[in-house]
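Okay, so here's the structure we're looking at.
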Amino acid sequence: MDLIIRNACVYDGSGAEPFTTDLGIGGGQIEAIGDLTDAEAAATIDADGLAAAPGFIDMHSHSDWVLPQPHHGEVLAPLLEQGITTLVGGNCGASPAPIVPGNEGRVKAVGRMLHDQALDYAWTDMATFLDLLERNGVALNLAQLVGHGTIRTGVMGGASERATDEEVAAMADQVRGALDGGAIGFSTGLGYAPGVFADTEELIGVTAPLAERGGIYTSHARSYVALARRDDPDQTPSNIRALDETAAIHRAHGVKVQHSHLIFVGDESWSSTDRVLEHLERLAEQDADIACDAFPYVGGNTTLAVFMPAWALTQLDKAVSDPELRGKAKRSLERNQANFGMCWDDTQIMWVPDRALARYEGLTIAEVATARGTDPTDTYLDLLRELGPRARIINWNYSGRDDEEASLRKVLKHPRTCFETDTILTGQGFDNPASYGTFPRILGRYVRELGLLSLSEAIHRMTGMSAQRMNIADRGFIREGLAADLVLFDPDTIGDNTTRKAPDRSPSGIETVVLNGQVVVRDGRFDSTRRDGKVLRLQKGLVRA
Ligand SMILES: [Zn+2]
Numbered sequence: 000m001d002l003i004i005r006n007a008c009v010y011d012g013s014g015a016e017p018f019t020t021d022l023g024i025g026g027g028q029i030e031a032i033g034d035l036t037d038a039e040a041a042a043t044i045d046a047d048g049l050a051a052a053p054g055f056i057d058m059h060s061h062s063d064w065v066l067p068q069p070h071h072g073e074v075l076a077p078l079l080e081q082g083i084t085t086l087v088g089g090n091c092g093a094s095p096a097p098i099v100p101g102n103e104g105r106v107k108a109v110g111r112m113l114h115d116q117a118l119d120y121a122w123t124d125m126a127t128f129l130d131l132l133e134r135n136g137v138a139l140n141l142a143q144l145v146g147h148g149t150i151r152t153g154v155m156g157g158a159s160e161r162a163t164d165e166e167v168a169a170m171a172d173q174v175r176g177a178l179d180g181g182a183i184g185f186s187t188g189l190g191y192a193p194g195v196f197a198d199t200e201e202l203i204g205v206t207a208p209l210a211e212r213g214g215i216y217t218s219h220a221r222s223y224v225a226l227a228r229r230d231d232p233d234q235t236p237s238n239i240r241a242l243d244e245t246a247a248i249h250r251a252h253g254v255k256v257q258h259s260h261l262i263f264v265g266d267e268s269w270s271s272t273d274r275v276l277e278h279l280e281r282l283a284e285q286d287a288d289i290a291c292d293a294f295p296y297v298g299g300n301t302t303l304a305v306f307m308p309a310w311a312l313t314q315l316d317k318a319v320s321d322p323e324l325r326g327k328a329k330r331s332l333e334r335n336q337a338n339f340g341m342c343w344d345d346t347q348i349m350w351v352p353d354r355a356l357a358r359y360e361g362l363t364i365a366e367v368a369t370a371r372g373t374d375p376t377d378t379y380l381d382l383l384r385e386l387g388p389r390a391r392i393i394n395w396n397y398s399g400r401d402d403e404e405a406s407l408r409k410v411l412k413h414p415r416t417c418f419e420t421d422t423i424l425t426g427q428g429f430d431n432p433a434s435y436g437t438f439p440r441i442l443g444r445y446v447r448e449l450g451l452l453s454l455s456e457a458i459h460r461m462t463g464m465s466a467q468r469m470n471i472a473d474r475g476f477i478r479e480g481l482a483a484d485l486v487l488f489d490p491d492t493i494g495d496n497t498t499r500k501a502p503d504r505s506p507s508g509i510e511t512v513v514l515n516g517q518v519v520v521r522d523g524r525f526d527s528t529r530r531d532g533k534v535l536r537l538q539k540g541l542v543r544a
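Mapping to numbering that gives the first Met the number 0: the sequence shown position 276 is 275, numbers consecutive.
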C-alpha cells in the first residue's frame, strides 16, 4: 500500500453513521478499510480521530474554463483547500467545447469572462478538449457537461428565432458527438442569450441523445423569481413553471435532471420557497428523477447584463444609447426591481474586462450612483455601456439578504439539495466568497452551529448523492475499489472565514485532501504544482475515469 490513514472517523458518503477505522490506499484506490495495525505502507497519516469523508463534489462549476491554463493549480487552489476533488463543469449552457466555425467568437467571449486569460484554444470537439486536459494534467477531477449555448451558437449563430427542425437535428448531432467524446451530460442557461431564445420543444429535441447515451440534464432555469403571467388563469409563478420545464426533459427522455442553483431572487420571491420545494417533492413522487443544488450564501455571481429585458439582449448598445429604447429599458428595470424586491445596493461589481476600470470592483451600483450623483438605474445602464455586458457581478438578494436567510436555509435543509460553488475563479478581480468557503460553511455554520442537518447527511449530499446524481460510478463513497479521493477535517473547527468585503479568506478545519491516492493538501495548503486529477467520461451510461 502507498498510504495508510490510521484512526479516522469515517463518514462513507452514504449518510450512514460514522465509524472509526484505518484506510489503506494503493494504486490511487481505497484498497482496505479496517484494522490495519499490522499493515505497512510507504506513508502513514495518523488522523487521530479527525473525520474522513469522500472528496467533495462541486455539482455546479465554471472552472472547466480555467483548467486549460498551465497555471490553473494556483488559480483553483481555494477549491482544493475547501475539500473539493471533483468538479462538474460546463454549466449554465456554457462549455468550452465543441468549437465549430459558427461559435468560435462566442466561445472566446464567454471564455474571456470565465477565465480572464489568453488561451490558445487548441481543441475543437469535446474529445480533443478532454484529451488535451488529460495530456497536460489537471489539478482536480473534471466531469464535463456540454452546453446548449455553445452548441446553439455553433448551429444558429446569435439568432433569437426558434430553431427549425433541421437546426434542432443539427444541434442534437453535436450533443451526440460531445457525449461520445466524453461529456457526462448537457446543460442549459435559459436566463441568458441564447438559451433564453429556446423553447421547451427545442430543448427536448436537442437533448434526445441523452436518452440514447444516459447523460444527465442540468438547467440554469428559465426563472428564479415568482412572477405569474398576466393571462394565466391559475397565476402559476414563473419559478414553478421553470421547475416543470426541467422535469419535462425527464419525462421526454427518462434521464436524471438537475435544477441548477435553486435560488429565490429578490424579497418578493422568497415567500415562494415552500411552494417550490413542495412542487419539487411532488415531481419526485411522480417519479421525475429530479433534484437541485445550491450554494450556502445569499449572494451569487452572474453578469451585468442579466437584468436587461430579453428584447434588449441582441441590441445592448442601442438599448443603452438610443433615448427611446433606453427609456423603455429603464422603465422595465424599475418595474422589475419593484416587482422582484431588488435594489441596487444588492448588486456588487466583481470584475470588469477592462483592467483600467478595475477601481469599480467591489463597489455596488448604488455606491457608484452616490459617488456620481446620478440615478441608480441610469447608473446601471451607464455602467453596462462603460464596463461591458460581460462584467461580473454578485447579487446579494438570493434567498435572503444579510442575516435574513430563512429561504436559503429551507433550500439547504431539503433532502433533494446537493451542494455547489457556482463561482468564477480567475485570480483577478473581487472574489465570490463561495470559491473559498462553500463546503466548510455548510459543515460549520449549517451543521454544527445551526443544526440544520446532520454531519453524515450533509456529507452524503456533497459526496455520495452528488456522484449518484451525475452517474459517477468510481467515487463519491469510501469503499474498497473506489478512487481514493478523501478529505480529513475537524468537525469541531471546520468553517468558512469569508465576508462580503473580505471574500478570499481560507477556511478552517480542513487538514488533508487526498486526490486519486496522492496527498495534495497538507495542513490546509494545496501544492499548486500537483496534477493528480482525472478526466471522468461517460461510458455506457456510467461516468468514470
Ligand atoms: Zn447559472
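Glycine residues also receive a C-beta, built at the ideal position from the N, C-alpha and C atoms.
- Inclusion of residue 303 and residue 232 in the CB contact set at 8 Å is not warranted, their separation being larger than that value.
- DSSP links residue 488 through a beta bridge to 50, 509.
- DSSP lists no beta-bridge partner residue for residue 285.
- Pairing residue 288 with residue 258 gives a Cβ-Cβ distance that is not under 8 Å.
- The three-state secondary structure of residue 497, taken from DSSP, is coil.
- Counted as a single uninterrupted DSSP element, the alpha helix (DSSP H) harbouring residue 173 occupies residues 164 to 179.
- Taking the Cα positions, residue 372 is about 40 Å away from residue 197.
- For residue 147, the distance from the CB to the nearest heavy atom of ligand 1 is not below 7 Å.
- The continuous alpha helix (DSSP H) containing residue 467 extends over residues 463 to 468.
- Here DSSP, grouped into helix, strand and coil, assigns residue 135 to helix.
- In terms of Cβ geometry, residue 180 and residue 266 do not form a close pair [threshold 8 Å].
- Take residue 346, set aside five residues on each side of it, and the residues of its chain with a beta-carbon closer than 7 Å to its own are 363, 364, 392, 394, in chain order.
- Two segments are said to touch when three or more pairs of C-beta atoms, one from each, lie closer than 8 Å; by this definition the region 56 to 64 touches the region 77 to 90.
- DSSP places residue 336 in the uninterrupted alpha helix (DSSP H) bounded by 322 to 339.
- Going by beta carbons, residue 429 and residue 502 fall inside the 8 Å limit.
- Here residue 310 is exposed, its C-beta having fewer than 16 other C-beta atoms within 10 Å.
- When the beta-carbon positions are compared, residue 535 and residue 142 come within less than 8 Å of each other.
- Runs of alpha helix (DSSP H) with 4 or more residues, each lying fully within the region 205 to 265, are found at 207 to 212, 237 to 252, listed in chain order.
- Close CB contacts of residue 272 within its chain, under the 6 Å cut and outside five residues either way in sequence, are with 263, 406, 409 (chain order).
- Rounded to the nearest angstrom, the Cβ distance from residue 101 to residue 54 is 37 Å, too far for a contact under 8 Å.
- Relative to the non-hydrogen atoms of ligand 1, the Cβ of residue 396 never comes closer than 7 Å to any of them.
- Taking residue 156 as the centre and dropping the five residues before and after it, the same chain places the C-beta of 101 closer than 7 Å to its C-beta, in chain order.
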